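Mind the numbering: the sequence shown is residues 2 to 346 in this note's numbering, read in order. Worksheet: the structure to be examined is printed underneath.
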Amino acid sequence: MTTAAYAAMSAGAPLEPYSIERRSLRPHDVCIDIAYSGICHSDIHQAREEWFTSLFPMVPGHEIAGVVCDVGSDVTKFSVGDRVGVGVFVETCMECDNCTAGLENYCVKGFVPTYNGKSYDGEVMYGGYSSSIVVDDHYVLRIPDSLALEVAAPLLCAGITTYSPLREWEAGPGKRVGIMGLGGLGHMGVKHAVAMGADVTLISHSPSKEADAKRLGAHDFLLLSDRDAMKERAMTFDLIVNTVSAPIKLDPVINLLATDGTMAYVGLPDKPLEMNIFSLNSQRRRIAGSNIGGIRETQEMLDFCAEHGYGSDVEVIDAAQINEAWERVVNSDVRYRFVIDATTF
Ligand code: NAP
Ligand code: ZN
């Protein structure tokens with residue numbers, strides 16, 4: 002099936018209209034008419050080869066929401082017309098200890114990404130900046146009826162990436178949680194942590210975002226450049242979920258953690274970061290990492306958002322505006338997720 006898409010033809014090239022072939026349905030495949038596709042900062046990192054060598058032409062996009070348009074002969078979970086989503090990976094080994102425990106995101110063989118990678122049998126994967134996609138039913142999520150598809154799309158990456166560490170390190174009543182960076186991930190982190198009942202502070206390098214942070218439910222706002230405020234809040238956080246996309250100085254942030262506090266890193270800057278070990282061992286603090294979430298937890302997160310009545314705060318754009326939107330993401334000027342209307346590819 003030929004599908005309209007937008008692609009980067011080489012590293013750093015602007016995205017342009019492109020056409021791709023989707024595979025014919027296998028017994029466990031679901032074909033999805035994409036309605037909306039979110040723009041994640043990871044799309045930009047990969048299309049500009051900021052992390053590692055990428056595959057081109059690249060059709061990015063791993064925050065996909067749409068409607069089932071066809072199903073393979075063995076699919077029982079989904080029917081034509083169902084509202085569904087697809088996130089960051091579309092194939093895993095399903096045999097390793099992590100896969101069998103529902104942690105497909107940590108598959109020992111390595112998951113097959115939705116784009117910028119090849120399936121285990123060598124098919125080049127193309128992502129959600131396109132009008133349709135074919136995905137094995139195990140990696141397809143159900144979008145609850147109360148969530149509009151455009152506000153649900155970013156949940157498939159930004160939503161689960163912040164939900165998973167908040168659950169793992171038990172954000173909830175009595176826990177002082179910092180969310181660092183108010184972008185696509187950060188704004189979902191604030192909403193989740195507030196809904197979980199934690200005491201939430203947004204930690205930011207943008208003074209202009211204080212009002213938005215409070216509107217999203219944060220109880221407090223901490224500006225990284227405000228030395229007095231940083232001193233006052235030293236040793237007060239149980240958990241900081243760090244979503245920052247650029248290299249930063251770690252020690253001032255680690256010093257915000259209480260004894261035994263944890264900083265969970267989800268942001269993926271393009272360069273290694275330096276830190277002073279004294280910042281950690283002086284208070285038995287920890288730095289951890291977290292990568293998206295498993296399929297079961299992603300469904301739990303979608304249902305949690307529906308139950309608490311929130312999705313992402315989105316700005317819907319046409320495909321022709323993608324390059325301009327990417328520049329705004331890089332300049333921390335997204336409020337708070339761009340979502341592409343897939344009818345415009
Ligand atoms: P985003 O919308 O661009 O948000 C990143 C935020 O980081 C910005 O809004 C800004 O917030 C802050 N920031 C940027 N530059 C900064 C600087 N120099 N100093 C301090 N703060 C800075 O990006 P996103 O889509 O949320 O993604 C964030 C990062 O997470 C990216 O690196 C992305 O690749 C990664 N990611 C990881 C996973 C995973 O599973 N681990 C999944 C998705 C994305 P303020 O203006 O509030 O400071
Ligand atoms: Zn992403």
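Positions of the beta carbon are idealized from the N, C-alpha and C atoms, including for glycine. Here the structure is a predicted model, which is why all the values come from computation and not from measurement.
{"Check": "Using CA atoms only, rank isn't needed, just tell me which of Ile45, Val178, Glu92 and Asn256 is closest to Arg228.", "Outcome": "Asn256"}
{"Check": "Would the region 303-316 and the region 266-284 be scored as touching if the rule is three or more Cβ pairs under 8 angstroms?", "Outcome": "no"}
{"Check": "Hey, is His42 close to the ligand NAP, as in C-beta under 6 angstroms from one of its heavy atoms?", "Outcome": "yes"}
{"Check": "Taking C-alpha atoms, which residue in Ile161, Ala5 and Gly13 lies nearest to His63?", "Outcome": "Ile161"}
{"Check": "Suppose the cutoff is 7 angstroms on Cβ atoms and the five residues either side in sequence are ignored; what does the same chain contact list for Gly8 look like?", "Outcome": "Sequence inspection shows Ala at residue 8; the Gly mentioned does not correspond to that position. These residues qualify, in order along the chain: Leu16, Glu17, Tyr19, Pro58, Met59 and Val60."}
{"Check": "Let me know if Ser205 comes out buried or exposed under the rule of 16 or more other beta-carbons within 10 Å of its beta-carbon.", "Outcome": "buried"}
{"Check": "Between which two residues does the alpha helix (DSSP H) harbouring Val191 extend?", "Outcome": "Gly185 to Ala196"}
{"Check": "Could you check whether the region 171-182 touches the region 239-247, counting it as contact only if at least three pairs of C-beta atoms, one from each stretch, sit closer than 8 angstroms?", "Outcome": "yes"}
{"Check": "Please list the terminal residues of the continuous beta strand (DSSP E) segment that includes Ser38.", "Outcome": "Asp30 to Gly39"}
{"Check": "DSSP beta-bridge partners for Lys119?", "Outcome": "Val125"}
{"Check": "Within the region 29-98, note down every full beta strand (DSSP E) run reaching 3 residues or more, in order along the chain.", "Outcome": "30-39, 65-72, 84-87 and 90-92"}
{"Check": "Please classify Arg84: is it buried, with 16 or more other beta-carbons within 10 angstroms of its beta-carbon, or exposed?", "Outcome": "buried"}
{"Check": "Are the beta-carbon atoms belonging to Arg336 and Pro155 less than 7 angstroms from one another?", "Outcome": "no"}
{"Check": "What are the uninterrupted segments assigned as alpha helix (DSSP H) that are 4 or more residues long and contained completely in the region 232-311, given in chain order?", "Outcome": "252-255, 278-282 and 296-309"}
{"Check": "Is Glu316 helix, strand or coil when you go by DSSP?", "Outcome": "strand"}
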